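In the working numbering, the protein residues as written are 70 to 476.
For every residue, glycine included, the Cβ atom is placed at its ideal position computed from N, Cα and C.
Just so we're clear, the structure is a prediction, and the values are computed from it rather than from any experiment.
Scroll down for the structure; my scribbles are underneath it.
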Amino acid sequence: MVTSSSSVSGLTAAWRWALAPPWRYVPPSLALAVIAVEMLAAVLPRFLGGLLILVSMLALWALLFTLASRLLLLRAAGVRRMRQAASVDLPPGIAVRHTVLWVLASLLLALIHGGTGLAGLVPASLVLALILPGATMVLSAGQSLSDALYPPEWLQNLRRLGVVDYLVLSAWLAVYALIYLVVSGVLADAPGWLRNALQMTWWSAGLLAWFAHVGLLLHAHRQTDDRAAPPPSNVPSVDDPVALFEHVLRNGGDASLHRKLARTLEAAGEDRRALIHGQVHVQALVLTFERPTEALEQADRLLALDPRFSLDDPVVMRHLIQTAGRLGTPELVARLCRNYLARFPGSLVAADIRLTACEALADAGRLNTQQARDWLDALADDDLDAAQARRLERLWQDVSRSVRQDQ
70 MVTSSSSVSG LTAAWRWALA PPWRYVPPSL ALAVIAVEML AAVLPRFLGG
120 LLILVSMLAL WALLFTLASR LLLLRAAGVR RMRQAASVDL PPGIAVRHTV
170 LWVLASLLLA LIHGGTGLAG LVPASLVLAL ILPGATMVLS AGQSLSDALY
220 PPEWLQNLRR LGVVDYLVLS AWLAVYALIY LVVSGVLADA PGWLRNALQM
270 TWWSAGLLAW FAHVGLLLHA HRQTDDRAAP PPSNVPSVDD PVALFEHVLR
320 NGGDASLHRK LARTLEAAGE DRRALIHGQV HVQALVLTFE RPTEALEQAD
370 RLLALDPRFS LDDPVVMRHL IQTAGRLGTP ELVARLCRNY LARFPGSLVA
420 ADIRLTACEA LADAGRLNTQ QARDWLDALA DDDLDAAQAR RLERLWQDVS
470 RSVRQDQ
């Protein structure tokens, strides 16, 4: 396990990365941009000046989170030199989602501060400091903003890092925010452009270091928590699939050993054991080995053995559904959604899963099936938010077009 001392020492390494080229140029560049915007806004009419500041700040935040997200992923991938950076891709839309998440957190704190003062601001800040590490890791994995606001996802990341390391991230985030507020108070009487530029310098530097710290911890846990396969001499032969099955369930193994066992059980016709092992294998591929595409491929093979196959963990099951959606496999999305709803009928996200399933069937040209009609009828009774209601409306429009084409 990664210890608290290693995670604290990781802070030093994180700051070294944040202060190394090219990241060291980000805080002063953003500060200069803030000064330029403030000065330009001062000579514009009040409305236009305020609009310029709002749009510019959002753009600067998006740029900052693009760079911070890239730094996190580079460190999580174990990249040590920038010439290796080209091999790491950012998930699409990651900067926008991070910007929205952190702007929402900032607005929430501002509203609480305005309504309750410090009495409400301090506990609210502590709660957000506990939530944001988990939510940030969710977004950095390429998941949606709704996933980042889903409490079981935070707990999944807490279990992944361990309580101590997770709390270290929360504590450092709280310290960075406290220093930001102290700087704001000390510079209360300074010109606005100077105060905002210095605040941007500190916050951008601290945020880059914090994101690098998250990446370092993810990489450290990936290196130490992957349950390595025992020495080959202790691993039963594939000629004895039952012994190999019992060995892996008891002792674990690396990704290659799990893959070998899965193929061995399939070849031996050991469907029951293959399905039991599949629960462990697919979850390990998603959470431990971070190979969602391979997890989806293995889930597809398990569905061939048992069309009702579903993981016991709803959060990991949603990961599979989202991966299938990103890879453009609507038929697989629909099957996984069907099994999710059968396994977790009372899920808080059941309506969203039904919508996703219907959208997948629409993409596959199968929205006129009985299964799709059953889901659409169930959605009529669901309590949908505005975005979900718009998705449902588009689905009904697709149904109407399909009916007209069939006439």
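Alpha-carbon spacing of residue i relative to residue j, whole angstroms
i	j	result
ALA429	LEU313	38 Å
HIS282	LEU276	10 Å
SER302	ILE345	In this predicted model, SER302 has a pLDDT of only 47, less than 50, meaning its place in the structure is not dependable; the value taken from the coordinates is given anyway. Taking the straight line joining both Cα atoms gives about 25 Å.
THR81	HIS316	40 Å
VAL351	GLN391	14 Å
TRP241	SER273	14 Å
LEU256	LEU285	33 Å
ALA456	VAL402	20 Å
ALA353	ALA289	17 Å
LEU371	PHE280	37 Å
ARG387	MET206	16 Å
ASN408	GLY184	45 Å
GLN439	GLY397	23 Å
SER125	ALA449	42 Å
LEU477	VAL468	The first residue shown for the chain is 70 and the last is 476, placing residue 477 beyond what the model contains.
Spatially closest choice to residue i from the options, by CA coordinates
i	options	result
ARG377	ALA131, GLY184, VAL468 and ARG404	ARG404
ASP369	VAL191, SER273, GLY347 and ALA447	GLY347
ASP381	ARG360, PRO399, GLY397 and ARG412	ARG412
PRO414	LEU330, ASP451 and ASP467	ASP451
MET269	GLY184, HIS288, TYR245 and LEU287	TYR245
ALA204	ALA188, ALA193, PRO221 and PRO192	PRO221
ILE248	LEU208, SER194 and LEU230	SER194
GLU107	SER253, SER471, LEU263 and ASN437	LEU263
Close beta carbons around residue i, own chain, < 7 Å, minus the five adjacent residues each side
i	result
ALA441	CYS427, LEU430 and ARG435
ASP340	LEU374
ASP432	PRO399
ALA89	none
ALA278	ALA83, TRP84 and ALA87
ALA137	LEU276, LEU277 and PHE280
Spatial neighbours of residue i in its chain, beta-carbon cut-off 6 Å, leaving aside the 5 residues before and after
i	result
GLY118	ALA110
GLN225	VAL384
ALA145	GLY284, LEU287 and HIS288
PRO305	ALA312, LEU313 and HIS316
Rounded Cβ spacing between residue i and residue j (contact assumed at less than 8 Å)
i	j	result
LEU199	SER239	5 Å
LEU334	PRO310	6 Å
LEU142	TRP86	Not really, about 12 Å apart at Cβ, beyond 8 Å.
LEU461	LEU424	7 Å
ILE104	ALA266	5 Å
ALA393	LEU365	6 Å
Own chain partners of residue i with C-beta closer than 8 Å, once the 5 adjacent residues on each side are dropped
i	result
TYR235	PRO202, GLY203, ASN226 and LEU227
LEU190	LEU178, ILE181 and HIS182
VAL355	PRO361, ALA364, VAL385, HIS388 and LEU389
PRO130	Going by the sequence as given, residue 130 is Trp instead of Pro. Only THR168, TRP171 and VAL172 meet the Cβ criterion.
Closer than 7 Å to chain B by CB, residue i
i	result
LEU247	Among the chains of the structure shown, chain B does not appear; only one protein chain is present.
*Kindly provide the ranges of any beta strand (DSSP E) runs that are 3 or more residues long and lie completely inside the region 88–152, ordered along the chain.*
none
*At which residue ranges does the region 364–448 contain complete alpha helix (DSSP H) runs of 4 or more residues, listed in the order of the chain?*
383–395, 399–412 and 419–432
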